[in-house]
Every structure is written in structure tokens, then in C-alpha cells.
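Okay, structure first, notes after.
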Amino acid sequence: MGKMINSVRGPIDIDSLGVTLTHEHLWFDVATLYKRAHPDLVMTDEKVTKENRKKILRDLHSVVFEYEDNLCFNDVGMTVKELESFKAAGGQTIVEVSTADIARNPLKLREIAEKAGINVIMGGSWYWFPSLDDDFRDFIMTQGKNKVADILIKEIYEGVGDTGIKPGVIGEVGNGDYEGTDIIYHAAAIAQKETGVPVICHSPDLHVLDIAEEEGADLSKFVMGHWSLLCPMEEAFRRGAFVSVDQFGMNFPGIESDDERVGAVLRAFELGYEKKLLLSQDVCWKVRLKQFGGGGYAEIFDSVVPKIRAKGISDAEINSLFTDNVKRLFM
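Residues in the sequence shown are numbered from 1 upward in steps of one, following UniProt numbering.
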């Protein structure tokens, strides 16, 4: 038996991970997060449909802020149905990085994993400091990094609340430049050092690796998430971290295109760091789902892998990105 990893259905052997997407969302509520952080924000209650999909996708602001229904996955049946294409494409494991402040629900994630017949590895931590309730923000600022780390460590060893369900990763951690966010990153690094579990970062900012080094954490267990054209990829690789090109399928004005993301994959191969590269899709809007006209959880296999293959990357090399590299992260 190999190394055991926490999943929502209990510990699993590292060799059973198989084809894995390392940055996805299955059950969450981002709308409430935005409304807590922006009390004056007004969202429409119009439901997402195939017919209004193009209207919602017209720009980044519309996708992210205007349609409350677009920002909530709170239907087990819907998500299980969507995972059929992922499983049919050979997918076996999802790393689910929804955090406590965006309605992480261990019991729902376990139900989804059981009904879909896949492994789900749950995250822990907090996403956006302004969205946290006043009491917890005060706790972070007054009690500091070690007390915050204690929460993460307890969840990993004992489970979330009384569920007994344990995170297998820390993250996704940290969005935005706030003093409280740095404290959370320090706490994540402390918890990583104690537990050995990987840390999935929202930001590709190298400042995160400075914090990890300061706390004596293992930089080879840090994933610099959400690659963009501004991401210092080569430096992150050089320092031992993984880089995650994890927003495949997000193709609209205001962010990188899939062709640019494929270019990042090729660049990692050119640099000789392909073993430190992770790929995923960050499915976090209903307009991304198949039933609403999107590519769903298998879009990366259906649409992106052929583009990478066409650039001269072999099937064996592509498969390693979803299998061997993930095992290296958890090893």
C-alpha cells in the first residue's frame, strides 16, 4: 500500500488517484461571498439558461457579479450529472478547492463523490478576507497565524466539525492584497509543515513562496494557481513550486485565452519543468456546465488536450500531467 490521502469518502491510496483535475468546484456559493464583501451589490435573480448564456458571458463583470444563480452550485443531482462526462473521459479524481467562506459542505461533497463514483479531495482554508464575518476577521487579526493554523491542522487530523471528513489539501488560499490574507498564508504554511499536505494558492504571486520559506514549509508542496501572462512561471518552478494552468475553458474578454494557456504548457516543456505543471479548469460558473451550453468538467479533455497534442506533446506526456504530476504533489 502506498501513501494514503484524505478524501471525502475516507483515506485513499495515492495509486488510486488516476486522472485528476487539481482545481475544481462542485458545491459552493460565491454570490453570498460577494454580497458580504460588497453590501451595496445588487444581483439579478434571473436563472441561468442555455438561451441567456451568451448575454451572461458578454464580459467579466457580468459573469462574476450580476447573476446570483451563476455563482451557486447547490444541487447534488446537477453536479453528479455533470460529472458523467468527466468520468466517461477517464477522470477519476477531483480536487475540490471551495473554502469555508464560500459554503464548503463536506457532507454534500461526500454525497456527490459517492453518487458520481469518483474520488473527491476536499480543501480547507479561507478564500477572501473581506468576505469573512466580523468575528472571524477579528480572530485572525488578534490571535494571529498560529491560532489560525491550529484550525487547519485540526481539520486535517480530525475532520471538519463533527463530520469526520478531512481535507486533503489546504486551499484554495488567499485572494487579494490584505493584511489578513498574509496571516492566512502564514497559517497555511505552518499547517503544511505540520501535516505535509499540499497548499493550493489562488495567486501565482511569488510573495506566497517567501512566506512559505519563512515558515519552513516545503515549497514543493505549493501550487501557484491561476497562471496568467503575468505569472513568473520560471521563477516559481526554479524555487520548487508547482504551477497550475487551471482556467481552461474560460474564453471571453478580459482574461487569457485557451490558446495562451496552451502556450504556457508548451513553455513549461521548453523550460524542462513539465513535471511541475498541473492542469485544470476551475469550473465555478453555471454557464460552464454542459446543461447550460458549456463544456463541463470534461472540456479540458475534449477541447484542450487535442490542441496540446497538435503542438507535438505526446499522449504519454499529456497523461502524465494529469496523473504522475499529481502523485508528485501528494507524495
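Glycine included, every Cβ here is placed at the ideal spot set by N, Cα and C.
Nearest candidate by alpha-carbon position, reference residue i, set the options
i	options	result
Arg309	Asp259, Gly124, Gly272, Glu66	Asp259
Ala116	Glu256, Gly176, Glu194, Leu26	Leu26
Ile118	Asn74, Ile12, His226, Gly2	Ile12
Pro167	Asn146, Met122, Glu158	Met122
Lys286	Gly296, Ser16, Ser244	Gly296
Val197	Tyr157, Asp75, Gly174, Asn175	Tyr157
Gly171	Asp134, Ile140, Ile102, Pro130	Ile102
Gly249	Glu96, Gly164, Asp302, Leu271	Asp302
Glu51	Gly216, Gln291, Thr44, Val42	Gln291
Ile165	Lys147, Ile318, Gly124, Ala149	Gly124
Glu317	Tyr273, Gln281, Gly294, Val283	Tyr273
Leu271	Arg288, Glu299, Asp246, Glu235	Glu235
Ser131	Ile112, Ala100, Val120, Thr142	Ala100
Ala113	Gly144, Lys81, Trp128, Leu266	Lys81
Tyr178	Asp150, Ile140, Ile151, Val160	Ile140
Glu111	Arg53, Ile183, Thr79	Thr79
Outcome for residue i when other beta-carbon atoms lying within 10 angstroms are tallied against a minimum of 16
i	result
Arg238	exposed
Leu60	exposed
His207	exposed
Lys221	buried
Asp138	exposed
Lys55	exposed
Pro106	buried
Ala88	exposed
Asn325	buried
residue 357	Residue 357 lies beyond the range of the chain shown here (1 to 331); nothing can be said about it.
Gly180	buried
Met233	buried
Ser2	Note on residue identity: the sequence assigns Gly, not Ser, to residue 2. Exposed, by the Cβ-count rule.
Arg58	exposed
Lys108	buried
Ser98	buried
Val42	exposed
Lys275	exposed
Leu83	buried
Thr44	exposed
Span of the beta strand (DSSP E), counted from its first residue to its last, around residue i
i	result
Gly240	First-last for Gly240: undefined, no H or E at that position.
His23	19-24
Val95	91-96
Phe222	222-224
Val160	First-last for Val160: undefined, no H or E at that position.
Met141	Met141 -> not in any beta strand (DSSP E); alpha helix (DSSP H) instead, spanning 134-143.
Leu277	277-279
Ile200	199-201
Gly171	170-173
Span of the alpha helix (DSSP H), counted from its first residue to its last, around residue i
i	result
Val304	Note, Val304: premise wrong, no alpha helix (DSSP H); not H, not E.
Val208	207-214
Ile190	179-195
Met78	76-88
Val120	First-last for Val120: 119-122, but that is the beta strand (DSSP E), not the alpha helix (DSSP H).
Ile318	315-322
Ile112	106-116
Ile56	53-56
Leu271	258-271
Thr32	30-37
Spatial distance of residue i from residue j (CA atoms)
i	j	result
His23	Gly91	13 Å
Asp218	Met224	13 Å
Gly240	His186	18 Å
residue 335	Ser244	In this structure the chain extends from 1 to 331, so residue 335 is not present and cannot be described.
Glu68	Lys311	39 Å
Thr323	Thr49	34 Å
Ala264	Asp162	42 Å
Glu215	Ala189	6 Å
Glu213	Val8	30 Å
Asn70	Val304	23 Å
Ile255	Leu229	9 Å
Gly294	Ile300	12 Å
Ala298	Ile94	11 Å
Arg36	Val173	18 Å
Val199	Leu152	11 Å
Minimum Cβ-Cβ distance from residue i to chain D less than 7 Å
i	result
Val223	The displayed structure is made up of one protein chain only, and chain D is not part of it.
Sufficient close CB pairs (3 or more, under 8 Å) joining the segment 259-273 to the segment 61-75:
These segments do not touch.
On the three-pair Cβ rule with 8 Å, is the segment 71-78 touching the segment 132-147?
No, the segment 71-78 does not touch the segment 132-147.
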